[in-house]
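Quick note: to get my numbering, add 832 to the position in the sequence shown (first position is 1).
Cβ coordinates follow ideal geometry from the N, Cα and C atoms, glycine included.
From a predicted model like this one, the values you see are computed outputs, not experimental measurements.
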Amino acid sequence: MTIAPNLLSTIELENGIAPTHTILWMHGLGADGNDFVSIIDELELPPDSRIRFIFPHAPMRPVSINNGFVMRAWYDVLNLNFSQPEDEDGLRDSQRAIEALLEREKQRGITPERIVLAGFSQGGAMALQTGLRYPEKLAGIMALSCYLPLQQTVAAEARHANSSTSIFMAHGSRDPVVPLTLAATSRQQLLESGYAVEWHEYPMAHAVCVEEMADISAWLKRVLI
């Protein structure tokens, strides 16, 4: 695979010299790569870990549910319940852009099995969209406050390399943006397809909470360190 010349712009931070692992973390609709930079210290990862954190900025695009207002978005959202139709072209374009960042990590010496794909909301949907279809085994997939997009194509397009990859899913029971029922349906489809899903539920809205950060930290230590 050749890296596209127009890679997504990113924020990159490293917690040690000569990183051995990467966490590629995608933000939600209307935010940007700065949105989760502050989580690095909250993760309380081992002091001797050497991790490169990459926070890409999604492209600017009009978003239908926001009256066509142009903002950072991984794909267009055509309706409030995330049902058909979906912006398949946008999803696949962003998938390719994320894959190009993964390819750059490979060229920088970080093999896929040492990379976690993570994201919140739209970013979490992209972590699932990309990770399940990626041809090389990843360390893990983290999908926060999101759902599984293009559900009808997963069975045909999923790659065996990540059939046993740990998937961390977390959701707020009071989420008014992405309903808990939608996330639970996505989890059930993944489980029925044989994926190893670690599910967490918290009494929160469309957000991240302290208890969730502790659970994420424990999971990362298992799949990365």
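Alpha-carbon to alpha-carbon, residue j and residue i
| i | j | result |
| --- | --- | --- |
| A1016 | R924 | 23 Å |
| E945 | G848 | 19 Å |
| L1023 | V1055 | 19 Å |
| V877 | I843 | The identity of residue 877 in the sequence shown is Leu, whereas the question assumes Val. Whole-angstrom Cα-Cα distance: 19 Å. |
| Q1021 | L861 | 24 Å |
| G865 | I872 | 13 Å |
| D921 | E1043 | 36 Å |
| S1018 | Q983 | 8 Å |
| V869 | V895 | 25 Å |
| P837 | I855 | Caution applies to P837, whose pLDDT of 48 falls short of 50 and renders its modelled position unreliable; the value that the coordinates give is listed next. One C-alpha to the other measures close to 22 Å. |
| P888 | N911 | 25 Å |
| R893 | H992 | 33 Å |
| L845 | W857 | 12 Å |
| I886 | S841 | 10 Å |
| E874 | E989 | 35 Å |
| A823 | K938 | Beyond the ends of the chain as shown, which are 833 and 1057, falls residue 823; an answer cannot be given. |
| H859 | D867 | 6 Å |
| P917 | P981 | 11 Å |
| N899 | D919 | 16 Å |
| P879 | I897 | 43 Å |
| I999 | L949 | 10 Å |
| K1053 | C1041 | 19 Å |
Neighbourhood of residue i by C-beta, 7 Å cutoff - its chain only, sequence neighbours within 5 removed
| i | result |
| --- | --- |
| L1014 | F914 and Y979 |
| N994 | G963, L964, Y966, K969 and L970 |
| A1037 | G1004, R1006, D1007 and P1008 |
| L839 | A932, L933 and R936 |
| A863 | R904 |
Residue i: first and last residue of the uninterrupted alpha helix (DSSP H) it sits in
| i | result |
| --- | --- |
| I871 | I871 to E874 |
| E931 | E920 to Q939 |
Identity of the residue in the options nearest residue i by Cα
| i | options | result |
| --- | --- | --- |
| V986 | L970, G963, G1004 and L1056 | G963 |
| L960 | K1053, P1011, E931 and L912 | E931 |
| G1026 | A1046, P1035 and T997 | T997 |
| S972 | Q916, I1048 and G860 | The identity of residue 972 in the sequence shown is Gly, whereas the question assumes Ser. If we check each option's Cα against that of G972, I1048 comes out closest. |
| P1011 | I999, P1035, F887 and Q984 | P1035 |
| V1058 | V1040, W1051 and A1046 | Since the displayed the chain opens at 833 and closes at 1057, residue 1058 lies outside it and no answer follows. |
| M974 | A990, E989, A988 and Q954 | Q954 |
Cβ shell of residue i (< 8 Å), same chain only, five flanking positions each side left out
| i | result |
| --- | --- |
| P851 | R882, I883, R884 and I942 |
| F901 | P894 and V895 |
| M1045 | I871, E874 and L875 |
| D908 | R893, P894, V895, S896, D919 and G922 |
Proximal residues to residue i (C-beta, below 6 Å), its chain only, five neighbours per side dropped
| i | result |
| --- | --- |
| L774 | Outside the shown range of the chain (833 to 1057) lies residue 774, about which nothing can therefore be said. |
| A890 | R904, A905 and W906 |
| H1032 | A1002 and D1047 |
| H853 | I883, R946 and L1056 |
| A929 | L840 |
| Q927 | Q961 and T962 |
| H940 | First, the amino acid is wrong: residue 940 is Arg here, not His. Once the five neighbours on either side are set aside, R940 has no close Cβ partner at all. |
Bounding residues of the beta strand (DSSP E) (the contiguous stretch that carries residue i)
| i | result |
| --- | --- |
| M974 | G972 to L976 |
| I843 | T842 to E846 |
| L949 | I947 to F952 |
| A1070 | There is no way to answer for residue 1070, as the model of the chain reaches only from 833 to 1057. |
Cutoff 8 Å: residue i Cβ touching any chain C Cβ
| i | result |
| --- | --- |
| I886 | This model lacks chain C altogether; it includes just one protein chain. |
Item to check | Every unbroken alpha helix (DSSP H) inside the region 853 to 914 [4 residues or more] | outcome: Listed in chain order, they are 871 to 874.
Checklist entry - Could you give the uninterrupted runs of the beta strand (DSSP E) lying entirely in the region 980 to 1023, keeping only those of 3 residues or more? => result 998 to 1004
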